[in-house]
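For the sequence shown, my numbering assigns the number 191 to the initial residue and increments by one for each residue that follows. See below for the structure under consideration.
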Amino acid sequence: MLGLFLPRFRAGGGHRPPSHLPLGLPYDLAGQFLRLEREQSALLQALPPFGDPVSHVYHPLDYAWEPHCDFVRRYCRTPKRVLFLGMNPGPFGMAQTGVPFGEAWHVREWLRVVGGVKKPPSEHPERPVLGLTCKRAEVSGARFWGLVRTLCPDPHLFFRHCFVHNHCPLLFLASSGRNLTPTELPPAQRDQLMGLCDWALARAVGLLGVGLVVAVGRYAERRARRALAATGLAVRVEWLPHPSPRNPRANRVLGLLALLFPLKSSFLGFFVFVFFF
């Protein structure tokens, strides 16, 4: 049923604002993207409470909306050819800052994102939300943004053609405080959640005019392929190893990329070379 509401226009051929806008009126792409996220958030919040093993659910697009909004308005003003897609927030990344892979130092000092972060309605004592002042680094976020910063010292160069987004905006915690991936949710609730997130991803890809989705990890790749399969969007899906500390292969791959493509290399040119030739 969700597929009935997916947009039917091709990506990769340039972005066009809705035809109802008066000629010459600037199109607020960031505002459209934020409205889509608000719509997704409302649908997710209407879902029934998650059962065991879920103890707490964090929704950064609610309590960390200010820095998230600043991130989108700074870096999502124009159409994007490449979308990097993560799975869902980590407890020391987006759950703190509202930014995908949002390790606090990179978000604060390199991306220059600002904004107040509130507390989630139900906070796990082992996973307090400290916002942009969080001292604990999310390893995968530090590695992801560290690689981007190595290849593109100016973040505006990266965001000229690229953007970063998560398939699911929710963080799930067990009673112990352990991070739960979406695959660990009760099957019926997981399927309902993933259906909504697939729907929102397809709309985001169409809205931004994306031609290439680079999924960070196999899970994100599977969801991207599933979400885009029936939409009619001309979008290619590739993947990179997830930069988790538990993934030695990712460490080698990211290190090699940083060595092979030094500062003077074009980040977009690199991805065009890797994925299209």
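The beta-carbon is built from N, C-alpha and C at its ideal position, and this holds for glycine as well.
Endpoints, alpha helix (DSSP H) assigned at residue i
i	result
G396	377-398
R412	408-419
F274	First-last for F274: 272-276, but that is the beta strand (DSSP E), not the alpha helix (DSSP H).
V354	First-last for V354: 352-356, but that is the beta strand (DSSP E), not the alpha helix (DSSP H).
L234	219-235
L322	Unbroken run through L322: none, as it is neither H nor E.
F349	345-349
Supposed close pair residue i, residue j - CB separation, criterion 8 Å
i	j	result
P243	A378	With a Cβ gap of about 14 Å, P243 and A378 do not count as contacting.
M277	Y409	5 Å
P527	G241	The question about residue 527 has no answer here: the residues shown for the chain are numbered 191 through 467.
A332	H357	Not a contact, Cβ separation roughly 21 Å.
P165	P359	Any property of residue 165 remains undetermined from this structure, which presents the chain solely from 191 to 467.
F334	F291	4 Å
Distance CB(residue i)-CB(residue j) smaller than 7 Å
i	j	result
P250	V303	no
R417	A394	It is Ala, not Arg, that sits at residue 417 in the sequence shown. No, these two residues do not count as a Cβ contact at 7 Å.
E328	F261	no
S404	A414	Checking the displayed sequence, the identity of residue 404 turns out to be Val instead of Ser. Contact: no.
K270	F353	yes
P343	L301	no
Y248	F349	no
L273	H355	yes
P433	S330	yes
L233	L398	no
Continuous beta strand (DSSP E) stretch holding residue i: start and end
i	result
L361	361-363
V289	Per DSSP, V289 belongs to no beta strand (DSSP E) and is neither H nor E.
L430	426-430
H249	Neither: H249 is in no beta strand (DSSP E) and is coded neither H nor E.
Nearest candidate by alpha-carbon position, reference residue i, set the options
i	options	result
G407	D388, G399, L398, P431	P431
L370	H246, W335, L226, L322	H246
Y253	S231, H346, N356	S231
G305	P311, R380, T323	T323
A424	R368, G288, G396	G396
R368	T340, L386, P318, C387	P318
V307	W255, L226, F223, P433	W255
D388	E293, L275, L402	L275
R228	E293, R339, A390	A390
Residue i in three-state terms, based on DSSP
i	result
A254	coil
P269	coil
R298	helix
L337	helix
E148	The question about residue 148 has no answer here: the residues shown for the chain are numbered 191 through 467.
A327	coil
V244	coil
V303	coil
L423	coil
V403	strand
R264	helix
G193	With a pLDDT of 30 at G193, under the threshold of 50, the modelled position of that residue is not reliable, and the figure given next carries that caveat. Helix at G193.
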